[in-house]
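Since the structure comes first, as structure tokens, the remarks are kept for the end.
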Ligand code: C2E
Ligand code: CA
Ligand code: CA
Ligand code: CA
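Numbering (this note's numbering), first residue to last: 378 to 655.
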């Protein structure tokens with residue numbers, strides 16, 4: 378009878394059922410994850426290539442599911458974007474990042490923090506108010522907060538999104554274009570919108586130092602950024618050889634496992650204390 382039961386289940390395309398179930402369960406779990414305090418942030422340093430100092434960190438969300446363990450943001454962020462939960466989750470990320478970084482400031486480390494934002498947070502229309510409130514509550518200055526957006530936010534072109542970008546810029550926030558080089562939109566927005574930084578996508582960095590096409594693309598992005606007045610950050614830098622060639626090409630900043638994985642707020646504080654002494 379046991380074998381029969383198993384065969385029956387096989388008959389109903391098990392992988393599809395399993396996937397659909399997982400998604401459904403995850404959606405339910407995601408709804409209570411905020412309240413259950415299952416999210417936390419890790420931070421990855423961004424290094425100034427000319428001074429070798431940590432100038433900022435990127436905040437990255439983590440979800441410790443009580444039964445399933447760690448679930449990647451690559452899996453749950455798209456789900457949160459599709460069901461609207463990205464609005465409360467995104468606000469939690471902003472608030473937590475600003476609070477933790479304000480704490481580092483009080484300990485003598487005036488770093489900038491970069492937070493990832495989804496297109497829906499811009500379309501929502503109240504992002505400026507939320508940011509203003511969080512800065513006021515945490516005491517962090519606008520100049521110390523950076524927004525990492527992707528081309529999908531810019532392609533949106535809704536009046537609300539564009540106005541929000543301008544308001545944030547006027548408040549003094551930095552705006553960084555993430556995964557640069559992978560999108561499909563035209564580049565005309567580069568001259569129309571208030572941007573400050575281009576983040577070269579990891580897929581180009583991973584080809585360094587030997588792949589000549591990757592190097593050509595990186596050189597072009599750095600020179601484009603330079604002539605438009607943007608700084609350029611390379612992400613996904615994993616080796617010394619990659620760091621050296623980026624420095625040689627006058628890339629401004631790097632981020633990646635070569636220098637540090639994303640780590641807890643406490644680990645960053647320890648790293649900053651150590652860095653300061655040297
Ligand atoms: P992203 O914004 O492009 O973030 C960089 C990702 O690359 C992070 O993955 C980071 O851990 C990883 N990474 C950093 N250095 C290296 C390296 O040297 N080599 C390799 N192979 N990977 C490296 P993570 O933390 O899993 O995040 C994945 C994506 O999830 C992010 O990509 C971002 O799109 C999204 N995400 C993460 N946190 C948030 C958040 O708070 N809000 C939103 N809206 N999206 C988030
Ligand atoms: Ca990012
Ligand atoms: Ca408040
Ligand atoms: Ca990226």
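Quick reminder that beta carbons are idealized off the backbone N, C-alpha and C, glycines included.
For residue i, is the classification buried or exposed, using 16 other Cβ atoms within 10 angstroms of its Cβ as the cut-off for buried?
{"i": "residue 378", "result": "Because residue 378 carries a pLDDT of 39, less than 50, the predicted location of this residue cannot be relied on, and no value is offered for it."}
{"i": "residue 381", "result": "Because residue 381 sits at a pLDDT of 47, beneath the cut-off of 50, its placement in the model cannot be relied upon, and the following sentence gives the value as read from the coordinates. Flag for residue 381 reads exposed."}
{"i": "residue 652", "result": "exposed"}
{"i": "residue 398", "result": "exposed"}
{"i": "residue 396", "result": "exposed"}
{"i": "residue 490", "result": "buried"}
{"i": "residue 531", "result": "buried"}
{"i": "residue 643", "result": "exposed"}
{"i": "residue 451", "result": "exposed"}
{"i": "residue 568", "result": "exposed"}
{"i": "residue 634", "result": "exposed"}
{"i": "residue 384", "result": "Because the pLDDT at residue 384 is just 48, under 50, the model does not fix this residue reliably, and the value given afterwards should be weighed accordingly. The residue in question, residue 384, is exposed, as its Cβ has fewer than 16 Cβ neighbours within 10 Å."}
{"i": "residue 477", "result": "buried"}
To the nearest whole angstrom, what separates the beta carbons of residue i and residue j, a pair I think is in contact under 8 Å?
{"i": "residue 492", "j": "residue 474", "result": "5 Å"}
{"i": "residue 467", "j": "residue 498", "result": "5 Å"}
{"i": "residue 407", "j": "residue 453", "result": "6 Å"}
{"i": "residue 663", "j": "residue 629", "result": "With the chain represented from 378 up to 655, any question about residue 663 goes unanswered, as that position is not in the structure."}
{"i": "residue 605", "j": "residue 620", "result": "That pair is no contact at about 24 Å."}
{"i": "residue 424", "j": "residue 636", "result": "5 Å"}
{"i": "residue 627", "j": "residue 598", "result": "Incorrect: roughly 12 Å between the Cβ atoms, too far for contact."}
When every heavy atom of ligand 2 is checked, does at least one fall within less than 7 Å of the C-beta of residue i?
{"i": "residue 621", "result": "no"}
{"i": "residue 458", "result": "no"}
At a cut-off of 7 Å, would you count residue i as near ligand 4, judging by its Cβ distance to the nearest heavy atom?
{"i": "residue 556", "result": "yes"}
{"i": "residue 404", "result": "no"}
{"i": "residue 615", "result": "no"}
{"i": "residue 576", "result": "yes"}
{"i": "residue 612", "result": "yes"}
Using 7 Å as the cut-off, classify the Cβ of residue i as near or not near the heavy atoms of ligand 1, replying yes or no.
{"i": "residue 511", "result": "no"}
{"i": "residue 436", "result": "yes"}
{"i": "residue 450", "result": "yes"}
{"i": "residue 443", "result": "no"}
{"i": "residue 632", "result": "yes"}
{"i": "residue 465", "result": "no"}
By Cβ distance, which residues of its chain are closer than 6 Å to residue i, with the 5 residues on each side in sequence left out?
{"i": "residue 546", "result": "571"}
{"i": "residue 579", "result": "612, 613"}
{"i": "residue 324", "result": "Outside the shown range of the chain, which is 378 to 655, sits residue 324, and nothing can be said about it."}
{"i": "residue 386", "result": "Bear in mind that the predicted position of residue 386 carries a pLDDT of just 49, short of 50, making it unreliable; the figure below should be weighed with that in mind. Nothing meets the Cβ criterion."}
To which residues of the same chain is residue i closer than 8 Å at the C-beta, ignoring the five residues directly before and after it?
{"i": "residue 529", "result": "496, 560"}
{"i": "residue 550", "result": "508, 519, 520, 522, 523, 524"}
{"i": "residue 403", "result": "448, 452, 453, 456"}
Go through its chain and collect everything with a Cβ distance to residue i's Cβ below 7 Å, but skip five positions before and after it.
{"i": "residue 535", "result": "500"}
Quick check: does the Cβ of residue i come within less than 7 Å of any heavy atom belonging to ligand 5?
{"i": "residue 525", "result": "Annotation note on ligand 5: not contained in the displayed structure, which lists ligand 1, ligand 2, ligand 3 and ligand 4 as its ligands."}
(request) Report yes or no: do the region 589-607 and the region 640-651 share at least 3 C-beta pairs separated by less than 8 Å? (result) no
(message) With a threshold of 8 Å, are at least 3 pairs of Cβ atoms found where one atom belongs to the region 613-624 and the other to the region 575-583?
(response) yes
(message) Three Cβ pairs or more, each shorter than 8 Å: is that satisfied between the region 497-517 and the region 430-447?
(response) no
(request) Decide if the region 429-436 is in contact with the region 457-464; the criterion is three or more beta carbon pairs, one per stretch, under 8 Å apart. (result) no
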